[in-house]
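A.B. asks:
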Amino acid sequence: MHLIAIIVALWLHGRVDGHLPWRDEQRQLRALGGMQERIEEWRVWDGAVGLAIVVLPPVLIVGAVQLWLGGALLGLVELVLGLGLLLWAFGEGRIDAALKRMARALAAGQHEDAAREAGQLAPGTVVADDPTPQTRNALAGAFQRAGDTVFAPIFWFLVLGPVGVVLFRVSYLAWRYCARSANPGPRFRRSAEGLFLLLAWLPSRLTALSLGLAGSLGDAWRGWQLARSGDGDGHRAALQGAGFGALRFPEREPALDDPAYWLREGRSLLFRTLVIWLAVVALLSLAGWVG
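Position in the sequence shown counted from 1, then plus 4, gives you my numbering.
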């Protein structure tokens, strides 16, 4: 059941863009901003209590449905619930499609279109007009998004079922909100970052490993360690550092000879990584370790 839900969600992902507004991350972040405005009146927002108010209601609702109705109709209810929540967690816009569009734009010399695609892959990042930093930003955003919005939700779906997806996604949104909001509150920020980084620790490392297996494992390890020693951000290092290393991306080159080539290679690397994950899920399903 888990494998079916994952495959169908991946197939639908990107095909329903624009038709399901509840998948839009920016809309969800704005909703968190409105929630902060309302909860601040109670003087409980800035801290673990505020985070609990954000996280617990959807987790408890989905957990109750999963517990009481998950086995109904031969597990079909849990399958549909998991499918819908995975679609929600994946968000709008396929990463591989954005990389493909950007590669085509760069190959055609359409740098404004390329910059727009890079900005969508790495929201909140200032994208220069130069194709080389555009490509670096786009690949960094693609590796980060793949880990946070595709592989981590799949991991928690396998571990806890639908409730795992909603737990991780809400913690991710709270973390993203703290990064984008001007004043989320210092204690709320610490609580949100702590919860997200705790939940993201293992899936990000598994994603880094699978990126290495799909590309160059030794270079992925070195890229991971180099990125971690550079800024101390272990989460970002695991995804971006390992991704660039697995790709053998020439980060020290001042200018890339063919930026579109590296975007195509990055897209191919992410596809191979996804195939590895699906193969592992299939083996676990055959072994009876997951549903």
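Built from N, CA and C at the ideal position, the CB exists for glycine as well.
Around the C-beta of A291, are 16 or more other C-beta atoms found within 10 angstroms, so that it is buried, or is it exposed?
C.D. replies: A291 is exposed by the Cβ-count criterion.
A.B. asks: Expressed to the nearest angstrom, what Euclidean distance is found between the alpha-carbon atoms of E29 and L177?
C.D. replies: Approximately 8 Å, taken between the alpha carbons.
A.B. asks: Buried or exposed: which applies to W281, given that a residue is buried once 16 or more other Cβ atoms fall within 10 Å of its Cβ?
C.D. replies: Label assigned to W281: buried.
A.B. asks: Got a sec? Which residues, its chain only, sit under 6 Å from S175 by beta carbon, not counting five neighbours each side?
C.D. replies: Taken in chain order, the residues that qualify are L199, F200, L203.
A.B. asks: Could you please give the first and the last residue of the uninterrupted alpha helix (DSSP H) stretch that includes N141?
C.D. replies: First-last of the alpha helix (DSSP H) with N141: 135-150.
A.B. asks: Helix, strand or coil, according to DSSP, for P263 in the structure here?
C.D. replies: DSSP places P263 in helix when its eight states are reduced to three.
A.B. asks: Please go through the same chain and pick out, in chain order, the residues whose beta-carbon is closer than 6 Å to the beta-carbon of S208, but skip the five residues on each side of it.
C.D. replies: Around S208: G151, H239, A242, L243.
A.B. asks: Can you grab the Cα-Cα spacing for the pair T64 / F161, in whole Å?
C.D. replies: One point to set straight first is that residue 64 is Leu, not Thr, in the sequence displayed. Their backbone Cα atoms lie some 16 Å apart in a straight line.
A.B. asks: Is DSSP giving W26 helix, strand or coil here?
C.D. replies: In this structure, W26 counts as helix in the three-state DSSP scheme.
A.B. asks: Please identify the residue among R120, L90, L87 whose C-alpha is closest to the C-alpha of N141.
C.D. replies: Residue R120 is the option with its Cα nearest to N141.
A.B. asks: I'd like to check one pair, A250 with S220: are the Cβ atoms closer than 8 Å?
C.D. replies: A contact, by the Cβ cut-off of 8 Å.
A.B. asks: Taking the alpha carbon of F159 as the point to measure from, which residue in W46, L206, V20, A264 has its own alpha carbon closest?
C.D. replies: If we check each option's Cα against that of F159, L206 comes out closest.
A.B. asks: Excluding the 5 residues preceding and the 5 following L125 in the sequence, name in chain order all residues of the same chain whose CB lies nearer than 6 Å to its CB.
C.D. replies: A102, A142, G145, A146.
A.B. asks: Indicate the three-state DSSP secondary structure (helix, strand or coil) for F248 in the structure shown.
C.D. replies: In the structure shown, F248 sits in a helix (DSSP, three-state: H, G or I).
A.B. asks: Do you know offhand how far V20's Cα is from W26's?
C.D. replies: So the alpha carbons of these two residues sit roughly 11 Å apart.
A.B. asks: What separation, rounded to the nearest whole angstrom, lies between the Cα atoms of R180 and A196?
C.D. replies: For R180 and A196, the distance between alpha carbons rounds to 9 Å.
A.B. asks: For A111, collect the residues of the same chain with a Cβ closer than 7 Å to its Cβ; drop the 5 residues on either side in sequence, then sort them by chain order.
C.D. replies: So the list reads A264, once near-sequence residues are dropped.
A.B. asks: Can you list, in chain order, the residues of its chain with a C-beta nearer than 7 Å to that of W92? Leave out the 5 residues immediately preceding and following it.
C.D. replies: The answer, listed in chain order, is W26, R27, R173.
A.B. asks: Using the Cα positions of R194 and G38, report the straight-line distance between them to the nearest angstrom.
C.D. replies: So the alpha carbons of these two residues sit roughly 20 Å apart.
A.B. asks: Suppose only complete runs of 4+ residues qualify. What are the alpha helix (DSSP H) ranges in the region 145-230, listed by chain order?
C.D. replies: Within the region 145-230, the complete alpha helix (DSSP H) runs of at least 4 residues are 156-164, 166-184, 190-218.
A.B. asks: Assuming the contact rule is C-beta atoms closer than 8 Å, G86 and V169 should be a hit. Round their C-beta distance to whole Å, please.
C.D. replies: At roughly 7 Å, the Cβ-Cβ gap stays under 8 Å, so G86 and V169 are in contact.
A.B. asks: If you check the beta carbons only, do H17 and R98 fall under 8 Å apart?
C.D. replies: Cβ atoms of H17 and R98: closer than 8 Å.
A.B. asks: Under three-state DSSP, which class holds F253?
C.D. replies: Coil.
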